[in-house]
Amino acid sequence: FQPKVLAGKRILVTAGPTFEAIDPVRGITNLSSGKMGYAVARAAREAGAEVVLISGPTALPTPFGVQRINVQSAQQMYDEVMRAVHGQHVFVSVAAVADWRVANPSTQKMKKTGDGTVPDLKFEQNPDILATVAQRTSLAGYPYCVGFAAESENLLEYGAAKREKKGIPLLVGNIGHHTFGQDDNTIILFDENGHTILPRADKLTLARALISEISKRIDKHSLF
Ligand code: C5P
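For the sequence shown, my numbering assigns the number 64 to the initial residue and increments by one for each residue that follows.
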């Protein structure tokens with residue numbers, strides 16, 4: 064039984080990888096399984112929140128009682144987040160959003176040529192969804208923002224810096240880079256007072272602890 068610490072609150076969660084098309088049958092993605100984001104969505108719902116989950120491609124079932132919107136690319140995730148975000152009390156950005164997309168995707172399946180010529184892919188940067196939402200935090204109707212960071216080294220230093228750079232009150236760092244697809248995780252919470260380590264546990268246990276930490280913090284944050 065989970066205490067209903069988010070009763071009456073609306074929470075928006077992004078999860079999973081994004082998929083950036085190269086042509087209609089190929090693309091670039093990453094190893095995010097979506098497990099942590101789905102655990103956060105589930106824990107938020109258990110805590111009494113109304114939950115919208117915007118998800119990149121995953122093999123996971125939708126958590127009970129959660130409204131799920133499927134997307135593929137970072138741009139689609141950006142568009143759906145921007146459509147849904149106003150009126151949300153909390154935004155938890157767990158998705159492993161691709162930093163770059165293919166600037167010149169082919170509308171037809173690219174053909175292998177006999178002479179060994181390879182495709183000339185160009186890249187362009189995707190919008191930063193979390194930073195965009197965070198910029199609006201002071202406006203009426205915009206949420207308290209929580210970000211995630213998967214760093215492979217110097218997490219303590221990078222985590223604190225990333226929180227500031229993104230302009231968010233709370234950043235969750237994953238320890239190590241072996242977390243993708245795993246059921247267990249160790250996380251560090253960075254806020255304006257420093258950092259707190261949550262000991263290694265399964266992702267649902269950590270997600271419940273995170274929801275509890277968020278609920279304590281939004282009591283102080285001026286919600287509409
Ligand atoms: O800058 P970096 O990708 O390490 O930041 C990670 C955090 O930013 C995560 O919360 C991720 O969901 C979010 N993010 C985003 N849009 C991007 C890139 C990252 O929302 N284009």
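The beta carbon of each residue, even a glycine, is placed where N, CA and C say it ideally should be.
Small disclaimer: the values here were computed from a predicted structure and weren't measured.
State the Cα-Cα distance for the pair residue i and residue j, rounded to the nearest angstrom.
i	j	result
LEU116	GLY179	43 Å
VAL88	ASN256	47 Å
GLN138	SER156	15 Å
VAL196	ILE231	9 Å
TYR205	SER96	28 Å
ALA78	LYS175	34 Å
GLN245	THR121	14 Å
VAL293	ILE91	With the chain represented from 64 up to 287, any question about residue 293 goes unanswered, as that position is not in the structure.
GLY111	ASN167	44 Å
GLY357	VAL209	As displayed, the chain neither begins before 64 nor continues past 287, which places residue 357 out of reach and without an answer.
VAL160	PRO80	6 Å
SER237	GLY177	The sequence shown places Asn at residue 237, rather than the Ser named in the question. When rounded, the distance between both Cα atoms is 45 Å.
THR170	ASP86	6 Å
ILE251	MET173	44 Å
ASN248	SER201	32 Å
HIS258	GLU227	13 Å
SER275	ALA213	21 Å
Am I right that residue i and residue j are in contact with their C-beta atoms under 8 Å? What's the rounded C-beta distance?
i	j	result
ARG108	PHE82	Actually they are not in contact, since the Cβ atoms of ARG108 and PHE82 sit about 26 Å apart, beyond 8 Å.
ARG105	ALA224	Their Cβ separation, rounded to whole angstroms, is 30 Å, which puts ARG105 and ALA224 out of contact at 8 Å.
MET145	LYS266	With 8 Å as the limit, MET145 and LYS266 do not qualify as a contact, their Cβ atoms being about 27 Å apart.
VAL129	VAL148	Their Cβ separation, rounded to whole angstroms, is 16 Å, which puts VAL129 and VAL148 out of contact at 8 Å.
ILE281	VAL165	Not really, about 38 Å apart at Cβ, beyond 8 Å.
VAL235	LEU193	Actually they do not touch by this definition, with Cβ atoms about 12 Å apart.
ARG73	GLN198	Contact flag wrong, Cβ pair sits at about 20 Å.
What three-state label does DSSP hand residue i in the structure shown?
i	result
GLN135	coil
GLU143	helix
GLN65	coil
TYR207	strand
LEU269	helix
GLU276	helix
GLY90	strand
Indicate, with yes or no, if the ligand C5P has a heavy atom lying under 8 Å from the CB of residue i.
i	result
LEU75	no
LEU261	no
SER136	no
ASN217	no
ASP191	yes
ASP162	yes
VAL157	yes
LYS266	no
ALA212	yes
LYS175	no
ALA194	yes
LYS225	yes
LYS229	yes
Taking only beta-carbon positions, decide if residue i is within less than 9 Å of chain B.
i	result
ALA110	Protein chains in the displayed structure number just one, and chain B is not present.
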